[in-house]
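Novice: Quick note on numbering: UniProt numbering labels position 327 of the sequence shown as 327, and the sequence is numbered without any gaps.
Where is the CB? At the ideal position from N, CA and C, for every residue including glycine.
This is the structure I have questions about; it appears just below.
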Amino acid sequence: METIVAISDFLWGYPIIIALLITSVFLTFRLKFFQFRIPLYIFQQTIGQVGKKTKGKGTITPFQTMTTALSSTIGAANIVGVPVAIMLGGPGALFWMWVIAFLGMALKFGETVLGVHYREKNAAGEYVGGPMYYMQNGIKWPLIGKILAVWYAFFLMIELIPSIMVQSNAVASTVTDSFSVPPIYTGISIAIFAGIVVFGGVRRIGRVTSYLVPVMAFFYIIAGLIIIFMHVEMVPEIFALIFTEAFNPTAALGGGAGVVLAESIRWGFARGIYSNEAGLGTSPIAHAAAQTDHPVRQAFWAIVQIVVDTLVVCTITGFVVLITGVWQHGDAHEDNVREALTSRAFEETFGTFGGSMVAIALVLFVFSTITVVIFYGARQAEFLFGLWAGKVIKVVYIVSIVIGAIGGATFLWSLLDLTLFFVVLPNLIAVFLLSPKIIELYKEFFHTEGKYYKKDME
Numbered sequence: 001m002e003t004i005v006a007i008s009d010f011l012w013g014y015p016i017i018i019a020l021l022i023t024s025v026f027l028t029f030r031l032k033f034f035q036f037r038i039p040l041y042i043f044q045q046t047i048g049q050v051g052k053k054t055k056g057k058g059t060i061t062p063f064q065t066m067t068t069a070l071s072s073t074i075g076a077a078n079i080v081g082v083p084v085a086i087m088l089g090g091p092g093a094l095f096w097m098w099v100i101a102f103l104g105m106a107l108k109f110g111e112t113v114l115g116v117h118y119r120e121k122n123a124a125g126e127y128v129g130g131p132m133y134y135m136q137n138g139i140k141w142p143l144i145g146k147i148l149a150v151w152y153a154f155f156l157m158i159e160l161i162p163s164i165m166v167q168s169n170a171v172a173s174t175v176t177d178s179f180s181v182p183p184i185y186t187g188i189s190i191a192i193f194a195g196i197v198v199f200g201g202v203r204r205i206g207r208v209t210s211y212l213v214p215v216m217a218f219f220y221i222i223a224g225l226i227i228i229f230m231h232v233e234m235v236p237e238i239f240a241l242i243f244t245e246a247f248n249p250t251a252a253l254g255g256g257a258g259v260v261l262a263e264s265i266r267w268g269f270a271r272g273i274y275s276n277e278a279g280l281g282t283s284p285i286a287h288a289a290a291q292t293d294h295p296v297r298q299a300f301w302a303i304v305q306i307v308v309d310t311l312v313v314c315t316i317t318g319f320v321v322l323i324t325g326v327w328q329h330g331d332a333h334e335d336n337v338r339e340a341l342t343s344r345a346f347e348e349t350f351g352t353f354g355g356s357m358v359a360i361a362l363v364l365f366v367f368s369t370i371t372v373v374i375f376y377g378a379r380q381a382e383f384l385f386g387l388w389a390g391k392v393i394k395v396v397y398i399v400s401i402v403i404g405a406i407g408g409a410t411f412l413w414s415l416l417d418l419t420l421f422f423v424v425l426p427n428l429i430a431v432f433l434l435s436p437k438i439i440e441l442y443k444e445f446f447h448t449e450g451k452y453y454k455k456d457m458e
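Spelled out as structure tokens, the structure:
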């Protein structure tokens, strides 16, 4: 176990941070900082179009694809991962989450554009896409494209096992803390309900998440904002703490343990990336099923996904943990306590009801996350071996829900980071190689007379 933790710490140190930064900054410059220039138009073409008739071919609506993709991002990383990052990287880790969120918008936009552009129809008549398709069909060197596609699909299929186990472990720990329910029972319950949803196909997942995600996110955000407004006088102090600790981190753990700058960046980036999935290539798998008239228009939803996931939900969680002071409790550095800090923070304000509310929110968040990542994994198995393999891997994932509920948190997070590295690396290579296609489609959308952006502006 110590070997896996050590390797994970190294890979999620400078190597992956540098690779993600280079790719994100490169695309931000190539796309002329579009995420900062046209935010109003992006929201008009996404949130502003909800309920209206969609244009183009696809399996489910753009809103359903966004909620499906959002379901995989709003989960344990938002409620459990944020306090873990704060305890291991200091309050400044929240700042580095924001940095990777803004830069990651260009990266997530680019991979989503590619995912929709290179999508195909499978034997069941559903639109499928993602990194394995744009690697195989887009890279001009067929052998390299095929190798990257198989590499990505295989490691994502494997990576989703510890990912599901982390989600299951987080919710089991919180439910045990709040309701004294043994972890095994929580794991079995989630596994049963997840199985019912995932064997219903992408349309059922789309319907479930389109209702579940907005409702649960709304109530969690409102409850978090209430806590922040009740301590509004501390907000400037918390902002100052975050920015100071981002560049001059001090002890976040008990006993005066110093947290070096690299750890603050590492934990902020790692948990931020795991939360919003920029660079992982998973969201394009969901967005590829969207009804849309152009890949760029659908990719705008990927921007909204990061805003909601990291800039709103993760930020609220971080502020609640910092503003209530639970991160400074004597036992806050303990493994099982770190994961329950958000629950403790809500209890500080709402009493026992607050802890129960977080537990219920986490159950819903994790349930929706697990159903979507199982869908992602099934797509990888189908790509590698055929439709039959998708059904088999779904069973493996459902079993891992139960196993994860009784596993060790630190080991699972490290195992997740280790496998995640081998998912991110081939995707970054592919996005970099296919960046000319991203720019080409971007220009096509914004500069074609009488269509897309030009037509929207008439």
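1) Spell out a yes or no on whether the region 20 to 38 and the region 420 to 436 are touching, meaning 3 or more CB-CB pairs, one atom from each, closer than 8 Å.
2) Determine the direct distance from the alpha carbon of G355 to that of T282, and round the result to whole angstroms.
3) Does K391 come out as helix, strand or coil in the three-state DSSP assignment?
4) Report the rounded CA-to-CA distance for S189 versus L428, giving the unit in angstroms.
5) Under 6 Å Cβ to Cβ from W96, same chain only, skipping five residues before and after it: list those, please.
6) Since I believe I370 is in contact with I164 (beta carbons under 8 Å), could you give me their beta-carbon distance rounded to a whole number of angstroms?
7) Going by the beta-carbon positions, is the gap between M157 and A381 smaller than 8 Å?
8) Would you call the region 353 to 367 and the region 175 to 188 in contact, with 3 or more CB pairs under 8 Å?
9) Could you please give me the residues that DSSP links to E120 through a beta bridge?
10) What did DSSP end up calling A289 once you bin it into helix, strand or coil?
11) How is I74 classed by DSSP in three states: helix, strand or coil?
12) With a cut-off of 8 Å on the beta carbons, I'd call S173 and A340 a contact; round off their distance for me.
13) Less than 8 Å between C-beta atoms, sequence neighbours within five positions excluded: which residues of the same chain meet that for Q45?
14) Answer with buried or exposed for F383, where buried requires no fewer than 16 other C-beta atoms within 10 angstroms of its C-beta.
15) Are G115 and Y134 closer than 8 Å when you measure CB to CB?
16) With respect to the alpha helix (DSSP H) encompassing N248, which residues constitute its N-terminal and C-terminal limits?
17) Nearest by alpha-carbon distance to E440: which of L387, H117, G92 is it?
18) Excluding the five sequence neighbours on either side, which residues of its own chain have a C-beta within less than 7 Å of the C-beta of V312, listed in chain order?
19) For L31, which of helix, strand or coil comes out of DSSP?
20) What does the alpha-carbon distance come out to for the pair P214 and G224?
21) Taking the straight line between their C-alpha atoms, what separation do you get for I227 and P39?
22) Contact check, G81 vs R271 under 8 Å by CB: the rounded distance?
23) By the DSSP assignment, the alpha helix (DSSP H) with G268 in it spans what residues?
24) Short of 6 Å in beta carbon distance, which residues of its chain neighbour V171, apart from the five on each side in sequence? Order them along the chain.
25) Which same chain residues end up closer than 8 Å to V402 when comparing Cβ atoms and leaving out the 5 residues on each side of it in sequence?
26) So the alpha helix (DSSP H) T186 belongs to, where does it begin and stop?
27) Just to confirm, are E111 and P284 a CB contact at a threshold of 8 Å?
28) For I374, which residues in the same chain have their Cβ closer than 6 Å to its Cβ, ignoring the five residues on either side in sequence?
29) Could you round the C-beta distance between E245 and G92 to whole angstroms and report it? I think they count as a contact, below 8 Å.
30) First and last residue of the alpha helix (DSSP H) that includes E159?
31) Buried or exposed, going by whether 16 or more other CB atoms sit within 10 Å of the CB of G200?
32) Count the other C-beta atoms from every protein chain shown that fall within 10 angstroms of the C-beta of F179, then say buried if there are 16 or more, exposed otherwise.
33) Kindly indicate the opening and closing residues of the alpha helix (DSSP H) around D456.
Specialist: To lay it out plainly:
1) yes
2) 31 Å
3) In the three-state reduction of the DSSP assignment, K391 falls in the helix class, which pools H, G and I.
4) 37 Å
5) By the criterion of a C-beta distance shorter than 6 Å, W96 is surrounded in its chain by I265, G268, F269, once the five residues flanking it on both sides are discounted.
6) Sure, about 6 Å apart at Cβ, within 8 Å.
7) Their beta carbons are under 8 Å apart, which means M157 touches A381 by this criterion.
8) Yes: at least three Cβ pairs fall under 8 Å.
9) V128
10) coil
11) coil
12) 6 Å
13) R297, F300, D456
14) buried
15) Yes.
16) That residue, N248, is in no alpha helix (DSSP H); it is neither H nor E in DSSP.
17) H117
18) I221
19) coil
20) 15 Å
21) 28 Å
22) 4 Å
23) 261 to 276
24) L362, V363, V366
25) S168, I184, G187, I188, A191
26) 183 to 198
27) yes
28) V198, K394, Y397
29) Indeed, because the Cβ distance is near 3 Å, the residues count as touching under 8 Å.
30) 142 to 179
31) exposed
32) With fewer than 16 other Cβ atoms within 10 Å, it is exposed.
33) 452 to 456
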